[in-house]
Amino acid sequence: MRARPVFRGTELGHLVWVALLVGLGFVAVVGSEREQLTAAALAVPVAFVGIALALHFFLAFRGFRGDELLLPLALGLAAIGLVLVQRLAPAHLLPQQLTWAIIGGGAFVAAILVPRDLSVLSRYKYTWALAGIALLALPVLPGIGREINGARIWVGFGELLSFQPAEAVKVILVIFFAAYLEEHRELLARPPRRIGPVPIPPPPYLIPILLMWALAMGVMILQKDLGATLIFFGIFLAMLYLATGRAAYSVAGILMLIAGGWAASRVFEHVNARIVTWLAPFSDELRFGAGYQLVQGLFALGNAGLLGAGLGNGMPERIPVVWSDFVFTAFTEEVGFVGALALLALYLVLVFRGMAIAMRAPTPFLQLVAGGLSFALAFQTLVIVAGNAKLIPLTGVTLPFLSYGGSSLVTNFVIVALLLRISDVTMRVRGG
Amino acid sequence: MEVPYQVALWGVRLAFLLVLYLFLIRAFASLWRSLRVETELAARNALAYLIVQRTHATGPHVGERLPLRAVSAVGRDAANDVVINDEAASARHALIELTEGSWWIQDEGSTNGTVLNGSRLARRERLHDGDVVEIGRIGMRFEAFRA
Amino acid sequence: MIRPIGANIRALTLVIAIAFLATSVGVSYWTLVASADLSSDAFNPRLLATLLDRPRGRFIAADGTELASSVRLADGSLRRRYADRSLAQVIAYASSKYGAAGLEAAYAESLIGRDVADPIGQWRARYLREHPDPGSVQLAIVPSVQRAAAAALAGRRGAVIVVDPRSGAILASVSEPNYDANILVDPAQQDLAWQQVNGNTERPLLDRATQGLYPPGSTFKLVTAAAAIESGWDPRAKVRVDDPYQADPSWGSYHVRSPSQAHGDFDMSLAFQRSENIYFAKAGLFAGAQRLTEYASRFGIGAAPRCELAASRGQIATGTIDRPTLVADTSFGQGELLVSPLQMALVAATIARGGSLPTPHYASAVLDARGDPLRLVEPGAAGQAIRPDTAATIAAALVAAVEAPGAFASGARIPGVHVAGKTGTAEAPSGAPHGWFVGFAPAENATAAVAVIIENAARGGEDAAPVGGAVLRAAIGR
Numbered sequence: 000m001r002a003r004p005v006f007r008g009t010e011l012g013h014l015v016w017v018a019l020l021v022g023l024g025f026v027a028v029v030g031s032e033r034e035q036l037t038a039a040a041l042a043v044p045v046a047f048v049g050i051a052l053a054l055h056f057f058l059a060f061r062g063f064r065g066d067e068l069l070l071p072l073a074l075g076l077a078a079i080g081l082v083l084v085q086r087l088a089p090a091h092l093l094p095q096q097l098t099w100a101i102i103g104g105g106a107f108v109a110a111i112l113v114p115r116d117l118s119v120l121s122r123y124k125y126t127w128a129l130a131g132i133a134l135l136a137l138p139v140l141p142g143i144g145r146e147i148n149g150a151r152i153w154v155g156f157g158e159l160l161s162f163q164p165a166e167a168v169k170v171i172l173v174i175f176f177a178a179y180l181e182e183h184r185e186l187l188a189r190p191p192r193r194i195g196p197v198p199i200p201p202p203p204y205l206i207p208i209l210l211m212w213a214l215a216m217g218v219m220i221l222q223k224d225l226g227a228t229l230i231f232f233g234i235f236l237a238m239l240y241l242a243t244g245r246a247a248y249s250v251a252g253i254l255m256l257i258a259g260g261w262a263a264s265r266v267f268e269h270v271n272a273r274i275v276t277w278l279a280p281f282s283d284e285l286r287f288g289a290g291y292q293l294v295q296g297l298f299a300l301g302n303a304g305l306l307g308a309g310l311g312n313g314m315p316e317r318i319p320v321v322w323s324d325f326v327f328t329a330f331t332e333e334v335g336f337v338g339a340l341a342l343l344a345l346y347l348v349l350v351f352r353g354m355a356i357a358m359r360a361p362t363p364f365l366q367l368v369a370g371g372l373s374f375a376l377a378f379q380t381l382v383i384v385a386g387n388a389k390l391i392p393l394t395g396v397t398l399p400f401l402s403y404g405g406s407s408l409v410t411n412f413v414i415v416a417l418l419l420r421i422s423d424v425t426m427r428v429r430g431g
Numbered sequence: 000m001e002v003p004y005q006v007a008l009w010g011v012r013l014a015f016l017l018v019l020y021l022f023l024i025r026a027f028a029s030l031w032r033s034l035r036v037e038t039e040l041a042a043r044n045a046l047a048y049l050i051v052q053r054t055h056a057t058g059p060h061v062g063e064r065l066p067l068r069a070v071s072a073v074g075r076d077a078a079n080d081v082v083i084n085d086e087a088a089s090a091r092h093a094l095i096e097l098t099e100g101s102w103w104i105q106d107e108g109s110t111n112g113t114v115l116n117g118s119r120l121a122r123r124e125r126l127h128d129g130d131v132v133e134i135g136r137i138g139m140r141f142e143a144f145r146a
Numbered sequence: 000m001i002r003p004i005g006a007n008i009r010a011l012t013l014v015i016a017i018a019f020l021a022t023s024v025g026v027s028y029w030t031l032v033a034s035a036d037l038s039s040d041a042f043n044p045r046l047l048a049t050l051l052d053r054p055r056g057r058f059i060a061a062d063g064t065e066l067a068s069s070v071r072l073a074d075g076s077l078r079r080r081y082a083d084r085s086l087a088q089v090i091a092y093a094s095s096k097y098g099a100a101g102l103e104a105a106y107a108e109s110l111i112g113r114d115v116a117d118p119i120g121q122w123r124a125r126y127l128r129e130h131p132d133p134g135s136v137q138l139a140i141v142p143s144v145q146r147a148a149a150a151a152l153a154g155r156r157g158a159v160i161v162v163d164p165r166s167g168a169i170l171a172s173v174s175e176p177n178y179d180a181n182i183l184v185d186p187a188q189q190d191l192a193w194q195q196v197n198g199n200t201e202r203p204l205l206d207r208a209t210q211g212l213y214p215p216g217s218t219f220k221l222v223t224a225a226a227a228i229e230s231g232w233d234p235r236a237k238v239r240v241d242d243p244y245q246a247d248p249s250w251g252s253y254h255v256r257s258p259s260q261a262h263g264d265f266d267m268s269l270a271f272q273r274s275e276n277i278y279f280a281k282a283g284l285f286a287g288a289q290r291l292t293e294y295a296s297r298f299g300i301g302a303a304p305r306c307e308l309a310a311s312r313g314q315i316a317t318g319t320i321d322r323p324t325l326v327a328d329t330s331f332g333q334g335e336l337l338v339s340p341l342q343m344a345l346v347a348a349t350i351a352r353g354g355s356l357p358t359p360h361y362a363s364a365v366l367d368a369r370g371d372p373l374r375l376v377e378p379g380a381a382g383q384a385i386r387p388d389t390a391a392t393i394a395a396a397l398v399a400a401v402e403a404p405g406a407f408a409s410g411a412r413i414p415g416v417h418v419a420g421k422t423g424t425a426e427a428p429s430g431a432p433h434g435w436f437v438g439f440a441p442a443e444n445a446t447a448a449v450a451v452i453i454e455n456a457a458r459g460g461e462d463a464a465p466v467g468g469a470v471l472r473a474a475i476g477r
């Protein structure tokens, strides 16, 4: 990819606005907390703008021809995330999140450079699958596995570095599915057998699908990570649809998930608890117990109104661990419905862009990878926002770019890098 | 907190919201523009073309250049990459693709078949520059400027 | 014949866009539609946020006595302090953990300087973080009457509520058993206290005065009398009473029993004195089911009284009164009737006030930090329930019911004052019957109306009457 440097003017233009966003946000939040606007306080937004420019110039000097909207969108969301960490989280978490942002930038650069040719990814699909399962199993191992808040999904090395492998597994899963489905999509789309209206793929191809379902249920049971289960399964069904175009698979899959979930709720208390809390969080038994977080979140939403209580003026501190699962409600309380709508629209534009890149991609494999990654972003966003708004049961997934969390931030930057690469390849194949 | 300070703070908050919306609108505008450009781009920078030679009253005009991508689905259905507006064409009629440097055409199980250079297409055949493809009542000449 | 992936991508994008739209609608529900309900929820910490940082407004009695206030402890923290345990269900509590209840919840905004009478102050508090010194909420509660009520009830399970018929102001309200709200707001003890108070089967958190529902027993005869008189019944006519009474054989085994196995002629005054069930059954049947129901609702039974606290609606019957036996049963206060002491106090107040139903309220004014009134709480009358002459007739009969020799309500007598009143003995689901007393004084120009209920009283209404008398005495002497 050694090409002449190129001027990415649109991208630079958008980044100016990102800088404004992060600057104003920090001023508003720090000003509200009655702290002095010291150099230290402004160091974080300045550092962030530095990272943004570094990534931009990296792409420009590499002669990168990919999309110019994705990176600013991602950085804009990450900027809001930093502002929210400053607002919501204990002071020592802000430098940590900035560090993760730098690591994310590094991962971004790495994903742009390596591997040289994307089709390499499609050749080693079973390796990918095994790696994914291994990563997923890591937290269960004694020693490095950590159980936090009842879920065994973390891996830690010492106190400082802990990450959730489930986040990286998401990307691996998309690549694996893309490769597998591309190879077998004809057979899956035109299965010789049917049960009633549901097409049944031939057994050798049926096995991986059922294995997938079993894996999803297994993760939920063993690790008590309902969010990851939902995301994995959603990605699986979506990519199956993208490859085959048969909606029947998705419908059957959703029904299977609901059935599995219902059965799990009968057998496993922690699953049942989530559903009960979702349905009646204000009840006397739950409002101070399991439902407390959701109830406080809804109170925060109620305080939002149209324009919000003002950045720095709300009361999000009442929501436990507000900086990870409930950033959306904290943000909404302070910027109002108007601000929340803009945020959701930003995510939607990001997803649209990713899907557009997917549509234009030159080979089916790349189309599936781009489509799957964009869907993963969209689905995760929907799941957590809908959970915050009591539309679905709450699951412990993070809001991409906004939530505090290193693994999430780094993984999402890698996703953006992969999408950009696919867009770059498309530009080159098309010429011009 | 004195009132002026609070008012100024509110100014910053509203400015934040404003910047958020402007950022969003600009992003949306970029998206829109690129979608428009992209349809033109697809046409202008197509990898190859099917140039319409024989048509009927309601079909494409003679001389119209239908752009082809690396993989193009051809048929009557609007979801195809190349849409053939002819009753005699099947919804999903044929597939033209560029693999390992060569162009290929294959019939996708259409009702009336695909004709290549006068003879009905059996399975998958190579496509060369100048070949004539007939789908339904539409005849087209294949033009590739990358060999 | 497989769909091109591009088409699938388009379809999936559409699905995603719809999902985002649906989610936005969901968010808009909480932020815009349900916003008011959420903001005023008793457990929303935003209204109580100031509890710990800044002094909250006070509750003061009619004479200025402090009933609830924020005190600063030695360690600098603020805590609510409640002076009068007998007001535990009325003022209730404001806890940063357990939310607010009672008047602390009803006047939550006013107590942090955001009263509706001051919209600019409200706006400044929310957006400019300006916190004016909160004022106080002045209640109509009169400490001497409150003390008398608590002393007279003497810890027996039940309630006493006193209303000023002229304005609807609530002068005293006691509900036993009660609890010490101070422990509930003490962070060191609140968790245990909360568990105990909630788990107590006697339900000390329940305000029996406004939310306790009981059959009214003979006190309902006030309503029956009004319905009958305004249907054409002559209160001075002598009506034959023979125990037991059955209007016609279709009543089967149901008979109306006279409490004194009477055989004789009764006019309304005598019927009130002797609490003669058969007389009132006949009167009720004369008025008819429809009229009886209508007059019960005119007196406010079946609708929640519009005071600051949540009050029960009560009921005239579970469905409608559809059979003569139910008419008869309802006429002397049993049947399917359920009323709260507040509702009965309002019945008494209506009769005292010449037939006009007052609107009850606990607060009389909201004051600012300097003590000047921000706004007065003066809801008007709820409507004219009965004619003034009807009210006068019943009032006269009620005076006799207290003053006649051997009257059941004689315990309510006050030397030198004409007291109007009626006792009632209502069947309880188990144990001894409940004892009621409703009344007002002075009869000619009442300044206080009272309703007393003692659950499972040994001697029914006769136990309640002295309580009523003591309370009325304190009230008119204030």
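Chains as they are written, first to last, in numbering that gives the first Met the number 0: chain H, 0 to 431; chain A, 0 to 146; chain L, 0 to 477. A virtual CB, placed ideally from N, CA and C, is assigned to each residue, including glycine. This structure is a prediction, so every number in the text was calculated from the model and none was measured.
The segment 347-379 of chain H: positions lying closer than 9 Å to chain L by Cβ:
Here the close residues are Leu347, Val350, Phe351, Met354, Ala355, Ala357, Met358, Arg359, Ala360, Pro363, Gln366, Leu367, Ala369, Gly370, Ser373, Phe374, Ala377 and Phe378.
Express the C-alpha separation of L/Pro186 and L/Ala73 in angstroms, rounding to a whole number.
Each residue's Cα considered, the two are about 15 Å apart.
Against chain A, does H/Asp66 count as a neighbour if the rule is that its beta carbon must be under 9 Å from one of theirs?
The beta carbon of H/Asp66 sits closer than 9 Å to some beta carbon of chain A.
Looking at the C-beta of L/Val184, does it have a partner C-beta in chain H at a distance below 9 Å?
Taking 9 Å as the threshold, the shortest C-beta distance from L/Val184 to chain H does not fall below it.
L/Tyr126: contacting residues in chain A (beta-carbon distance under 8 Å)
Close to L/Tyr126, with beta-carbon spacing below 8 Å, are these residues of chain A in chain order: Gln5 and Trp9.
Can you give me, in chain order, the residues of the segment 1-31 of chain H that have a beta carbon less than 8 Å from any beta carbon in chain A?
Listed in sequence order: Thr9, Gly12, His13, Trp16, Val17, Leu19, Leu20, Leu23, Gly24, Val26, Ala27, Gly30 and Ser31.
Hey, is L/Trp29's beta-carbon within less than 9 Å of any beta-carbon in chain H?
Yes - at least one Cβ of chain H is within 9 Å of the one on L/Trp29.
Just the Cα atoms here: how many angstroms apart are L/Arg322 and L/Leu336?
In a straight line, the C-alpha of L/Arg322 is about 15 Å away from that of L/Leu336.
Verify the CB distance criterion: does A/Leu67 have a CB-CB separation below 9 Å to chain H?
Chain H contact via Cβ: absent.
How about L/Gly211 and L/Pro340: are their beta carbons less than 9 Å apart?
Cβ atoms of L/Gly211 and L/Pro340: closer than 9 Å.
Other residues of its chain near H/Phe60: CB distance less than 8 Å, five sequence neighbours each side excluded
Only Pro4 meet the Cβ criterion.
When you compare only the Cα positions, how much space is there between H/Leu305 and H/Gly335?
Whole-angstrom Cα-Cα distance: 5 Å.
With DSSP run on the structure shown, which of helix, strand or coil describes A/Met139?
DSSP places A/Met139 in strand when its eight states are reduced to three.
Residues that A/Phe148 contacts on chain H, provided the C-beta gap is smaller than 8 Å:
Since the displayed chain A opens at 0 and closes at 146, residue 148 of chain A lies outside it and no answer follows.
Using only CA atoms, which one of L/Ile169, L/Arg123, L/Pro164 and L/Gly120 lies nearest to L/Pro142?
Cα-wise, what sits closest to L/Pro142 is L/Ile169.
So if I threshold CB-CB distances at 8 Å, which residues from the segment 292-314 of chain H count as touching chain C?
This model lacks chain C altogether, as its protein chains are H, A and L.
At a CB distance below 9 Å, what residues from the segment 219-244 of chain H approach chain L? Give them in sequence order.
Taking 9 Å as the Cβ-Cβ cut-off against chain L, the residues of the segment 219-244 of chain H that qualify are Ala237, Tyr240, Leu241, Ala242, Thr243 and Gly244.
Less than 9 Å between the C-beta atoms of H/Gly131 and H/Phe175, yes or no?
Yes, the pair counts as a contact, with Cβ atoms nearer than the cut-off.
Could you name the residues of the segment 83-95 of chain A whose beta carbon sits closer than 7 Å to any beta carbon of chain L, in the order they occur along the chain?
Here the close residues are Arg91.
Under the three-state DSSP convention, the category H/Val29 falls into
Note: H/Val29 maps to helix in three-state DSSP.
9 Å Cβ cutoff, A/Asn79 in contact with chain L
Closer than 9 Å to some Cβ of chain L, the Cβ of A/Asn79 qualifies, so yes.
Evaluate H/Gln295 with the Cβ neighbour count: other Cβ atoms within 10 Å of its Cβ, from every protein chain shown; 16 or more gives buried, anything less gives exposed.
By the 10 Å Cβ count, H/Gln295 comes out buried.
My guess is that L/Phe331 and L/Phe271 are in contact by the Cβ rule of under 8 Å, so how many angstroms apart are they, rounded?
Not a contact, Cβ separation roughly 12 Å.
Mind checking which residues open and close the beta strand (DSSP E) that includes H/Ile444?
Outside the modelled stretch of chain H, which goes from 0 to 431, sits residue 444 of chain H, for which no answer is possible.
Interfacial residues, the segment 18-30 of chain A to chain L, with Cβ spacing under 8 Å:
Taking 8 Å as the cut-off between beta carbons, none of the residues of the segment 18-30 of chain A comes near chain L.
I'd like to know whether the C-beta of L/Pro44 is nearer than 9 Å to at least one C-beta of chain H.
Interface criterion met: the Cβ of L/Pro44 is under 9 Å from a Cβ in chain H.
Using a Cβ cut-off of 9 Å (strictly closer), state whether H/Val384 contacts chain L.
With its beta carbon less than 9 Å from one in chain L, H/Val384 belongs to the interface.
What does H/Gly404 touch in chain A if you count any residue whose Cβ is under 8 Å from its own?
By Cβ distance, chain A contributes nothing, its closest Cβ being about 22 Å from H/Gly404, past 8 Å.
Which one or two residues does DSSP pair with A/Glu124 in a beta bridge?
DSSP lists A/Ile104 as the bridge partner or partners of A/Glu124.
Can the beta-carbon of H/Ala357 be found closer than 9 Å to that of A/Leu34?
Between H/Ala357 and A/Leu34, the C-beta spacing is not below 9 Å.
Can you check DSSP and say which residues form a bridge with A/Ser71?
Per DSSP, A/Ile95.
Over the uninterrupted alpha helix (DSSP H) stretch that includes L/Ile393, give me the two end residues.
Going by DSSP, L/Ile393 is part of the alpha helix (DSSP H) stretching over Pro387 to Glu402.
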